Amino acid sequence: LDTIALFDGLTPKQKDVIAEGLFVESFENGSRVATEGEAAAAIYSSKKGDLKIFKGGKVDPKGELVGGTASGILKVGDIFGDQELLDEGKYKATIIADGAC
Numbered sequence: 011l012d013t014i015a016l017f018d019g020l021t022p023k024q025k026d027v028i029a030e031g032l033f034v035e036s037f038e039n040g041s042r043v044a045t046e047g048e049a050a051a052a053i054y055s056s057k058k059g060d061l062k063i064f065k066g067g068k069v070d071p072k073g074e075l076v077g078g079t080a081s082g083i084l085k086v087g088d089i090f091g092d093q094e095l096l097d098e099g100k101y102k103a104t105i106i107a108d109g110a111c
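In this note's numbering, the protein residues as written are 11 to 111.
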């Protein structure tokens, strides 16, 4: 948690409480981590590997993103979904693993 700016300013004890509610997920190259328009269910941060950000496009029956425009890259330690989760909103972009994450 020390590498994630969202948690800056918290005491070690507060970080320990948050850490108890965290879990680790692994994603293979090309896997969809979050989908634009779906209800936000988690805040994500990559410990390893980059994540590509896409706007638009559709998810086909195989679960793959078709179309869409690449709009950025999330690097190790970057987070996404925080504002959407806090606002009980929807993801504003589709996030795809760029390598194993």
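Glycine included, each C-beta is placed from N, C-alpha and C at the ideal position. Model, not experiment: these values are computed from the prediction.
Residues that DSSP places opposite residue i in a beta bridge
i           : result
residue 89  : 55
residue 103 : Paired residue(s): none; residue 103 is not in a bridge.
residue 68  : 76
Cβ-Cβ separation, residue j to residue i (assumed contact under 8 Å), whole Å
i          : j          : result
residue 49 : residue 85 : Not really, about 26 Å apart at Cβ, beyond 8 Å.
Check whether residue i and residue j have beta carbons under 8 Å apart
i          : j          : result
residue 53 : residue 92 : yes
residue 38 : residue 80 : no
residue 83 : residue 55 : no
For residue i, the first and last residue of its enclosing alpha helix (DSSP H)
i          : result
residue 27 : 22-29
The beta strand (DSSP E) enclosing residue i, as first and last residue numbers
i          : result
residue 82 : 79-84
residue 63 : 60-65
Where residue i falls: helix, strand or coil (DSSP)
i          : result
residue 44 : strand
residue 49 : strand
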